[in-house]
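Enquirer: Quick one: the structure is below, and I'll ask about it shortly.
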Amino acid sequence: MDIDVEALISAVPEVLTIEEEDAARPAIEAMLAGLPEADLRALWSRTRADAAKARAAGDMGRLFLLVRGTKTIQRIAGERGILILATPRH
């Protein structure tokens, strides 16, 4: 499968949600691998903030999708030597 990474990078979502058996996962991961570090960190921050809102609202379905997104961002960042740590929220 050929993936147009440049097209994916130009279509970075506001927040990252990933379904459990998401057929788009390879394309999503390719997009994340090609993002500049600042954009990767910003996407993680927006996704984490949205996850906190979903948790507060009791929207567990959305929370799972968002947490899967944050964990995927952290894994791809780690593969690139970028460390993204979650700090406790109070």
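1480 is the number of the first residue of the sequence shown in our numbering; add one for each residue after it. All residues carry an ideal CB built from backbone N, CA and C; glycine is no exception.
Considering only C-alpha positions, which residue in the set Arg1547, Ala1512 and Lys1532 is nearest to Glu1499?
Expert: The residue given as residue 1499 occupies position 20 in the sequence shown. The shortest Cα separation from Glu1499 among Arg1547, Ala1512 and Lys1532 belongs to Arg1547.
Enquirer: The alpha helix (DSSP H) with Thr1526 in it runs from where to where?
Expert: Within the sequence shown, residue 1526 is the residue found at index 47, counting from 1. Looking at the DSSP string, the run of the alpha helix (DSSP H) that includes Thr1526 is Glu1516 to Ala1536.
Enquirer: Check whether the Cβ atoms of Leu1495 and Leu1514 sit closer than 7 Å, and answer yes or no.
Expert: The residue labelled residue 1495 in the question sits at position 16 within the sequence shown. The residue labelled residue 1514 in the question sits at position 35 within the sequence shown. Not in contact: Leu1495 and Leu1514 (Cβ atoms no closer than 7 Å).
Enquirer: Sort Pro1567, Ala1533 and Ala1509 by Cα distance to Ile1542 and report the nearest one.
Expert: The residue given as residue 1542 occupies position 63 in the sequence shown. Sequence check: residue 1542 is Leu here, not Ile. Minimum Cα distance to Leu1542 is reached at Ala1533.
Enquirer: Just tell me which of Leu1564, Gln1553 and Pro1567 has its CA closest to the CA of Ala1512.
Expert: Against the sequence shown, residue 1512 aligns to sequence position 33. The shortest Cα separation from Ala1512 among Leu1564, Gln1553 and Pro1567 belongs to Gln1553.
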